[in-house]
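Worksheet: the structure to be examined is printed underneath.
In the working numbering, the protein residues as written are 68 to 647.
The following block contains the structure:
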């Protein structure tokens, strides 16, 4: 396409670079093509030829690291690099806040597993709303099922640690297994008032009655009989499964699950002791009873939870009416699905027990412990949840949504280093001198300092580690630039080694030759490094020697590789991959 001038190629390159910066270093051909044709409408008759050139330039631009793309735009078209200053999204106001002296929210986990991303919405929304209104955020451990959803002592502390890491520390904490006498007190009030009853019917018999909208025989007995039955429940007169306390509702309610729901039942705590209180109690409250009572007794003004709890609200409202209480404001948000994330607590626990996962922080999991280990920041999780908000519609997110928030937080803050995965040797011949190289720790913040290297030669040759993944850019006779160093021409490419000749030092020469940029580590100036990926695969490589000064928990960017969290720095560095 000889009639296309270099001016047009530069125009395409400008739009490709601007588009790449918007899309984390990967330009998209469609928008670039649209910009070019908008500026040069006369080219619409030559769309096929223009498209071919756009594809070529976009491929070249996409092979350049994001930091280098930004530098090129700042150097050539600084007036176009408008830094987006988007106002952070805020949560919508809570309903009826004026009715309450103090806004009180709560997060109520069952300590049968560590916390994971599936819990983030309830935690973050409840915490942030409490802060928005200068209110109170309560942590309440709902641990009243020592049989089916048995709490584990380890998880009480792990949940506290997770909340502290997420920067959502509670103002008050309660544990329901400490509150059993309180639940007994209200059970007796409801029984004495004729608003609850002890049912000894067989489960199938009761089910048939309730589906037919008819009372079971127990329902019509006087309160005195139910108080006697209640005492038998407490003192061992009934065995597990033989008696249950039910809250009276409307037997004609359209939803059978609402009709006379179960509030307390017997659990054989000799067989199923509670990890905190052992076999001290044999009658245990079910979720709706303990949760409903505590929300009122703890002064919770706004319950923020998933819409799967709508039926529970209807159940609890009957108990509130019996006790003369007003139900709190309830905000029920839609389901949030994270594509590719393992969010089943039972599967997480089983996987750790069976050795499928190495621990609660295994990088394949979506637990907070795993995200922390990989370098995902609490601020990114909070930002994601606040932007999704409490909307009632279901939301489907991917890991990339979370990574985008994390990348935005980390990119301006973390330092850059070279890591060469799967290294092979590069020998550059004809190097004319010793090169003293100063590479910025951050391309946009020179004040942070530099990594300094002296590239010495032996018989005019210098040795480097480069990544095997870069072999695709290393055709014989092709020009390549070693980032921040000099330009080379490839002479020979083998599976485990590459030989090249020194070409020139100037970056301008590389631009003219459209030379791809690759990173490097001088042989002898390296430290072994392993990076654990999100699928638990381990990538072996070498990092530049400056990485030996990094500290555990430090997050850095390995250029052209991605963000990582440093886990250990000894004779070998161990890092965990966050994302690109």
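We put the beta carbon where it would ideally sit given N, CA and C, even for glycine. Quick caveat: nothing in here was measured; it's all calculated off a predicted structure.
Of the other Cβ atoms in all chains shown, fewer than 16 fall within 10 Å of the Cβ of residue 563; this residue is therefore exposed. Counting only the Cα atoms, residue 136 lies some 12 angstroms from residue 578. DSSP places residue 586 in the coil class of the three-state scheme, outside both helix and strand. Separation of residue 360 and residue 314 (C-alpha to C-alpha, rounded to the nearest whole angstrom) is 13 angstroms.
The Cβ-Cβ distance between residue 370 and residue 352 does not fall below 7 angstroms.
Residue 479 and residue 509 have their C-alpha atoms roughly 8 angstroms apart. Beta-bridge partners of residue 332 (DSSP): 311, 351. Per DSSP, the continuous beta strand (DSSP E) segment holding residue 239 begins and ends at 239-242.
Shown here, residue 454 sits in a helix according to DSSP, grouped into three states. In this structure residue 103 does not touch residue 125 by the C-beta definition: roughly 11 angstroms separates them, more than the 8 angstroms allowed. Scanning 234, 221, 207, 223 for the CA closest to the CA of residue 357 turns up 207. A distance below 7 angstroms between beta-carbons, with the five flanking residues on each side excluded, links residue 234 to the following residues of its chain, in chain order: 445.
Looking from the CA of residue 134, the closest CA among 171, 88, 95, 100 belongs to 88. Between residue 588 and residue 82, the alpha-carbon positions lie close to 32 angstroms from each other.
Secondary-structure assignment with DSSP links residue 609 through a beta bridge to 487, 595. Uninterrupted beta strand (DSSP E) stretches at least 3 residues long and entirely within the region 109-193 occur at 171-174, given in chain order. Taking 7 angstroms as the cut-off, the beta carbon of residue 600 is found no closer than this to the beta carbon of residue 569. For residue 443, the closest of 376, 429, 470 by C-alpha to C-alpha distance is 470. In the three-state reduction of the DSSP assignment, residue 397 falls in the strand class.
A direct Cα-Cα distance of roughly 5 angstroms separates residue 346 from residue 340. Of the residues assessed, residue 248 falls on the exposed side of the cut-off, its CB having fewer than 16 other CB atoms within 10 angstroms.
Note on residue 423: under 16 other CB atoms within 10 angstroms of its CB, so exposed under the neighbour-count rule.
The three-state reading of DSSP puts residue 298 in helix, counting H, G and I together. In the DSSP assignment, residue 532 forms a beta bridge with 492, 588.
The alpha carbon of residue 458 has as its nearest neighbour, out of 366, 209, 386, 402, the alpha carbon of 402.
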